[in-house]
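Enquirer: The structure under discussion is supplied below as structure tokens; questions concerning it will follow.
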Amino acid sequence: MTILPSSSKKKCVLRKIRKSPRPEQSLKRSALSSPRIEPASKKSVAAGDSASTSGGGGVNSDDEYDDLEAASNDQIEKEFAERLAARGLIIKEMIGDGACMFRAIAEQVYGDQEMHSQIRHLCMNYMAKNRDYFQDFITEDFDSYIERKRDEAVHGNHLELQAISELFARPVEIYQYSDEPISTLLPRGLSPKPSPDQAGPSQSDVQNAPNAPIRLSYHGAVHYNAILDPNKATIGVGLGLPGLSPKAAEKALMSSAMASSEREHIEETMLKDKLDMTDWQRTQKDIEEQISRDSYLTYLREIEKTDEAPTTSATTSGNAQKSENQPGLYEELLAAQSLETDEWDEDMAIAQALLLSQQDYLSTQGPSTSSK
1 MTILPSSSKK
11 KCVLRKIRKS
21 PRPEQSLKRS
31 ALSSPRIEPA
41 SKKSVAAGDS
51 ASTSGGGGVN
61 SDDEYDDLEA
71 ASNDQIEKEF
81 AERLAARGLI
91 IKEMIGDGAC
101 MFRAIAEQVY
111 GDQEMHSQIR
121 HLCMNYMAKN
131 RDYFQDFITE
141 DFDSYIERKR
151 DEAVHGNHLE
161 LQAISELFAR
171 PVEIYQYSDE
181 PISTLLPRGL
191 SPKPSPDQAG
201 PSQSDVQNAP
211 NAPIRLSYHG
221 AVHYNAILDP
231 NKATIGVGLG
241 LPGLSPKAAE
251 KALMSSAMAS
261 SEREHIEETM
271 LKDKLDMTDW
281 QRTQKDIEEQ
291 ISRDSYLTYL
301 REIEKTDEAP
311 TTSATTSGNA
321 QKSENQPGLY
331 EELLAAQSLE
341 TDEWDEDMAI
351 AQALLLSQQD
361 YLSTQGPSTS
371 SK
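No gaps in the numbering here: position 154 of the sequence shown is 154 in full-length UniProt numbering, and each next residue is one more.
Quick look at the structure:
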């Protein structure tokens, strides 16, 4: 049994963060000269990825050996989540089926971790097209490596992350039990020139990148999860969609809803003002009609009182002169009907009946008075 130095280094980091002892992890691997066989079931892949090599060479990364045991501690995981939450980030769990790394990337690129096979396919095609660059970092046969990595049950490593960073033009940040990334991968076009006192890209280099980073959390040396920023949407970034702006649809929908609400409010206000004006006009018209009717009834009552008063002289000539000076009742009836009134109440009907009765009475009494 051989303990790999890289795994021992990871254990030291875990102890430093946890500040409490934990059981040692053991990495079991067979001799590099012996051929390796791909796992036949996903159960063996979840425990650790075994890979076949051609030409008797070993696999390229430490996380692909047999019987790799996951180091897990609930308290460490809780503290890790709290540290990220302080920065406004959350961890979204991915299914541990050997494709967790590609799932975490698919979650942040497509918004669906089930599209991990599409990410893997694009990644391996990109590496195959850029063979001259990537083959210098692979210890086994390049073609065998690419073919093996196309299997959806095989783990991914830093080479695939570098290819994904270049493929989607987004930095890739790896977090391991810390609120600061332990590793940052930049596309080659954005990678700064290394300086003697700086081992990798700085945080300012990531912030100056044109696209938002892809954040992954590394757990127990065998599993990746996605780290998301709920306040900043990054789905679709890096896909080359023209005019893509994260949350643009939500902003446009909100603006449209606000404009529609404001327009409805203005229309309701105008309608209310119109109804209020209509009620006022109707009230004014009713008041005017009531005043006209009251005035006309008062006028008729005064005429009736004048006609019923006793006269000192009852000569025919006097009656004729009086009838000539006073307007005829028929004319008064026509004047009453000429008033613009929409409704006739009971008082108006009685007044009209009285005028007609008085007109008939005068017409019948007129000839007899003249004969006397």
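Built from N, CA and C at the ideal position, the CB exists for glycine as well.
Spell out the partners DSSP gives Arg215 in its beta bridges.
Expert: Glu173, Ile227
Enquirer: Are the Cβ atoms of Leu186 and Leu122 separated by less than 8 angstroms?
Expert: Contact: no.
Enquirer: Can the beta-carbon of Ile182 be found closer than 8 angstroms to that of Ile105?
Expert: no
Enquirer: Figure out for me which residue from Tyr175, Glu267, Gly156 has the closest Cα to the Cα of Ser217.
Expert: Closest by alpha carbon: Tyr175.
Enquirer: Go ahead and label Ile227 buried or exposed: buried means 16 or more other beta carbons lie within 10 angstroms of its beta carbon, across all protein chains shown.
Expert: buried
Enquirer: What is the residue span of the beta strand (DSSP E) that Ser183 lies within?
Expert: 183 to 185
Enquirer: Any beta carbon of chain D sitting closer than 8 angstroms to that of Gly88?
Expert: Considering every chain present, this structure includes no chain D. It has just one protein chain.
Enquirer: Go ahead and pull the three-state DSSP assignment for Gly48.
Expert: A caution first: Gly48 carries a pLDDT of 39, below 50, which makes its placement in the model too unreliable to give a value.
Enquirer: Does the distance from the C-beta atom of Gly98 to that of His155 stay below 8 angstroms?
Expert: For Gly98 and His155, yes; Cβs fall inside 8 angstroms.
Enquirer: Rounded to whole angstroms, what is the Cα-Cα separation between Tyr296 and Asp286?
Expert: For Tyr296 and Asp286, the distance between alpha carbons rounds to 15 angstroms.
Enquirer: In three-state terms, what does DSSP make of Lys92?
Expert: strand
Enquirer: Rounded to a whole number of angstroms, what is the C-alpha to C-alpha distance between Arg188 and Glu267?
Expert: 57 angstroms
Enquirer: Count the other CB atoms, across all protein chains shown, that sit within 10 Å of the CB of Gly238; report buried if there are 16 or more and exposed otherwise.
Expert: By the 10 Å Cβ count, Gly238 comes out buried.
Enquirer: Relative to the ligand SAM, is the shortest distance from any of its heavy atoms to the C-beta of Lys129 smaller than 7 angstroms?
Expert: Although the ligand SAM was asked about, the structure shown includes no ligands whatsoever.
Enquirer: For Met124, count the other beta carbons within 10 Å of its own beta carbon; 16 or more makes it buried, fewer makes it exposed. Which is it?
Expert: Answer is buried; the Cβ neighbour count reaches 16.
Enquirer: For Tyr299, count neighbouring C-beta atoms within 10 Å of its own C-beta (all shown protein chains included) and say buried if the count is 16 or more, exposed if not.
Expert: exposed
Enquirer: Whole angstroms are fine: how far does the CA of Tyr110 sit from the CA of Arg148?
Expert: 24 angstroms
Enquirer: Given a threshold of 16 other Cβ atoms within 10 Å of its Cβ, counted over all protein chains shown, does Gly220 qualify as buried or as exposed?
Expert: buried
Enquirer: Where Glu173 and Ser255 are concerned, what is the direct C-alpha to C-alpha distance, given to the nearest angstrom?
Expert: 34 angstroms
Enquirer: For Phe137, count neighbouring Cβ atoms within 10 angstroms of its own Cβ and tell me buried if that reaches 16, exposed if not.
Expert: Label assigned to Phe137: exposed.
Enquirer: Express the C-alpha separation of Lys92 and Phe80 in angstroms, rounding to a whole number.
Expert: 13 angstroms
Enquirer: What's the call for Lys282, buried or exposed, on a 16-neighbour Cβ count within 10 Å?
Expert: Strictly speaking, residue 282 in this sequence is Arg, with Lys absent from that position. With a 10 Å radius around the Cβ and a threshold of 16 neighbouring Cβ atoms, Arg282 comes out exposed.
Enquirer: Comparing alpha-carbon positions, which option in Asp360, Thr278, Lys232 lies nearest Ile90?
Expert: Lys232
Enquirer: Check whether the Cβ atoms of Ile214 and Arg150 lie closer than 8 angstroms to each other.
Expert: In this structure, the beta-carbon distance from Ile214 to Arg150 does not fall below 8 angstroms.
Enquirer: By the DSSP assignment, the alpha helix (DSSP H) with Ser117 in it spans what residues?
Expert: 116 to 129
Enquirer: Count the other CB atoms within 10 Å of the CB of Thr306; is the residue buried (16 or more) or exposed (fewer)?
Expert: exposed
Enquirer: Measure the C-alpha to C-alpha separation of His223 and Asp74 and round it to an integer number of angstroms.
Expert: 15 angstroms
Enquirer: Within 10 angstroms of its Cβ, does Arg131 collect 16 or more other Cβ (buried), or is it exposed?
Expert: exposed
Enquirer: Throw me the rounded Cβ distance for the Thr234 and Ala212 pair, which I believe falls under 8 angstroms.
Expert: The C-beta distance from Thr234 to Ala212 rounds to 4 angstroms, short enough to fall under 8 angstroms.
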